[in-house]
Structure formats: structure tokens, C-alpha cells
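Residue numbers (the numbering used here): 6 to 432.
Structure, as C-alpha cells:
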Ligand SMILES: Nc1ncnc2c1ncn2[C@@H]1O[C@H](COP(=O)(O)OP(=O)(O)OP(=O)(O)O)[C@@H](O)[C@H]1O
Ligand SMILES: [Mg+2]
């Protein structure tokens, strides 16, 4: 059977989590932390000074190449043994450790998806600010190490738009607000093309929400075992945090009826096995508030996310602006806080209406400004919108013609991976 008649493999590697599966599916088969645990004792043995014993060195090298784990398994191995060191190949949306990335992909393909990479086309994703060289590295690994027949590297926000869940017709003009674990980007897209000069990135991400909640809990004297405090707080955040409409009112609500709002978390101490409990109060709404009032988190960056979206649209070509305000699409796990989209829509609408009013008063009563429609879409699938968009695109017949093939790679080299055509299947 020809590879183009088999479903393509779709992998969205994120800073925190990797979503992987096959084109045409509604959900990824696996969502696992993007982390690799390598046995450092073996790696250092293979490089040790005992140069005479090449066989021992070689064997240790081979073992080091085989003895590694990814995802949850990597985390539990490193907890259980000091021999395993964790490596996070992606930082702020960019691959920084290609060796670790290659190992990670190896296990994704053979241990998780359990497929032969020579039999499937691949769709990978990248952050909108990725340098073209990085696409070459990815291409080299995919074609040379895994011998895949075809590769397409898609820009994450374009895929989130292609997920097309906002309207019955897939709309390829809009602003994607992608808030993941390690990167937050606001990306305007017109007819499937990213308006590169107007992309805005902000240094507040899902990881920062976890850190902030962790800090607040600590300051209030709540106990969480330090060994896995970050992981526990991440789960607390995902389970109990929500976006409020007004922070002062929310404090008052909590103070009036604390029992209604305080949640209890019960966990087990990893070392002693004893149980512990911790209360979660104001942290529930204070965590996600850092997107809307960033000054409560730090003084380095103080522009609220709705104002960043407004700046992004205002810096885009004038003839696209109305369409951009009308289709603001959320993507990424950190947009999942309850009522996140409502607050974003309300605050952005306020900014836009104030500007329209100011313009109207400048122009006088004879000139009437048209109101601007602001629409922030919300859907449960937004947590893996990028992956789902990839799944949709890679199941069109056109996807296979847009891919770079192994034959092209062999003829022209890795530089072909620098560009990936936007194809009609996206509309
Ligand atoms: N239900 C939820 N509510 C709030 N946050 C959530 C929820 N589910 C996941 N998250 C958070 O979303 C983040 C992961 O999102 P996502 O998988 O989109 O990021 P990523 O793709 O790994 O990172 P990036 O896109 O920044 O490279 C984590 O910080 C996680 O804690
Ligand atoms: Mg992501």
C-alpha cells in the first residue's frame, strides 16, 4: 500500500505537552509531557577517560542510546532514580536540544504510535517565530533518521484557525490567541497567511500561572510537598482556577461566603506515603488574572492580554482589521480557564468601543462610525486546536501534494523544508 493512502502522522510538539495521533481522528491518541529522561551514568561511562577499553565504552554508548524514557514515564523514572536526568527539548516554543528532540520523536513513533515511519507522511507543527534553520534540522531528522516518505511543517496558529470550529465554513482570516505552557502568541492570519510583522508575543504563559499559584499558596502557608509541588499545583490550577469578571468583587464574594468558594486538595506525600490536604481560596481566580492584570505578577511586563490583541489588530493592514476583530480564536491549554473567553471579549470590546467613541466625537455628529464586531470564539476542543487543525488538513488529498517528499529532499537537500506552501485545503 502506498504511504499516501495511509493516514498521516500528526505531531504537535509543545513546550509542555506533545499531542500526537493520526490524521482524520478527532482527538490525539496521546498527550504527554515533552520531556526526556536519559541515564546519565551510561552516557558519562561512554565518554569516560578509560579510552583503552573501547568495547566497554561502545557498549555503554549503545546502552545510553537505548536507556531513555519520555513523557510521564520520564518523570517517574527521574523521581525514582538519581541516574536519570530530565531534559526538556523545547523552550518557549522553540526546539533547543535536537538530540533530545530526536530521542523524543523516536519513542513517539515506535513506542506510542507504534507505526513504521517509512509508511506514513508526517505533519509537524512549529511556533510562528521559528527560524527557517530549525525547519531544516527537523527535516533532516525526519528524512534521514526516520526515513519518512513526506513531511509538512505547519505554523501552529494557522492550524488552530484551520480547526474551523468557529463557523460552519472554515474561516482562514482571524487572530489566533495561543496560550500554551511556555509561549503566548497573538497571531493575525489573513487568508491562511500569517501577517508576520504584526505577531505579538507576551512573556506570560501557563507555566507562569502555575508559578504564581504556587507562590500564593506558599505565602498563605499551605503545605504541598516540595518534591512535586510544581506538578501538584499544575493539577490544582487545571482543576480549580477560573477567570473572574472583576477582581475586587471576587475578593468580596469569597470573603462573604468562604465555604462556597474554598476548595480542598488531598494528596499523598511521595516520600512518607502520608496524606496531606491543602485549601485553595483566592488563588482560584488570582492565577488566571495575571493575563488581565499582569502587574500583580511582576513589573517587567504590564500590558494586559486584551490590549495586546488590540495592538496586534491595529498594526495589521487596515482592510483586514474588521475581519480580525470578528474572528478571535483561542488555542492552547491555558485558554481553558472557565470564562476566559468572556473576560477577553468584554475587555477587548471596551477598548474598541472607547476608540470608536473617541473617533466619533472627533469627527462630529455628521459622521457616523460603524460599530466594530468583536467576537472571541470558545470551544472545548481549543485545548488541542493546533493538533486538530493538523488532523483535518492532513486528511485532505491536497496535503500529500503540499508535502516535501523524500525524493525532493534527496535531490535538493534540507533547505526545501524552509518553506511550506499554504494550500487550498485550508479553506
Ligand atoms: N483545563 C485547563 N485549565 C487551565 N489550564 C490548563 C488546562 N489544561 C491544560 N492547561 C495548561 O495548559 C498548558 C499546556 O497547554 P498546551 O498543551 O497548549 O501547551 P504547549 O503546546 O505544551 O506549549 P506551547 O504552545 O507554549 O509551546 C499547561 O500549562 C497546562 O497546565
Ligand atoms: Mg502549543
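Glycine is no exception: its CB is placed at the ideal position from the N, C-alpha and C atoms.
In this structure, the beta-carbon distance from residue 356 to residue 315 falls below 8 Å. Contact between residue 186 and residue 29 is ruled out by a C-beta separation of about 26 Å, above the 8 Å threshold.
The beta-carbon distance between residue 183 and residue 337, rounded to whole angstroms, is 5 Å. This is short enough to meet the 8 Å contact definition.
An exposed status is given to residue 275, since fewer than 16 other beta-carbon atoms sit within 10 Å of its beta-carbon. The nearest non-hydrogen atom of ligand 2 is 7 Å or more from the C-beta of residue 26. When DSSP reads this structure, residue 282 sits in a beta bridge with 271. In this structure, DSSP gives residue 394 a helical state, which the three-state scheme calls helix. In this structure, residue 288 lies near residue 221, with their beta-carbon atoms less than 8 Å apart. Within the segment 299 to 342, the complete alpha helix (DSSP H) segments of 4 residues or longer fall at 310 to 319, 326 to 331, listed in chain order. Distance from the C-beta of residue 387 to the nearest heavy atom of ligand 2 is not below 7 Å. Here the alpha carbons of residue 335 and residue 296 stand approximately 14 Å from one another.
Measuring C-alpha to C-alpha distances from residue 14 to each of 115, 100, 39, 345 identifies 115 as the nearest.
Straight-line spacing of the CA atoms in residue 406 and residue 301 works out to 49 Å.
Each of 12, 84, 148, 88 was checked against the Cα of residue 233, and the nearest Cα belongs to 84. In chain order, the residues positioned with their C-beta nearer than 5 Å to some heavy atom of ligand 2 are 19, 185.
For residue 413, the enclosing alpha helix (DSSP H) starts and ends at 411 to 417.
In this structure, residue 212 has its CB closer than 7 Å to one or more heavy atoms of ligand 1. Contact between residue 215 and residue 228 is absent: CB atoms are separated by about 17 Å, not below the 8 Å threshold. With a cutoff of 8 Å on beta-carbon distance, residue 167 and residue 130 are scored as not near each other. The beta carbons of residue 208 and residue 181 sit about 18 Å from each other, so the pair does not count as a contact at 8 Å. Membership of residue 252 in the alpha helix (DSSP H) is indicated by the continuous run 252 to 261.
Distances from the alpha-carbon of residue 324 to those of 139, 193, 104 put 193 closest. About 6 Å separates the CB atoms of residue 247 and residue 344; that is less than 8 Å, so the two are in contact. Considered as a whole, the segment 60 to 144 harbours 73 to 75, 89 to 92, 127 to 131 as its complete beta strand (DSSP E) runs of no fewer than 3 residues, in chain order.
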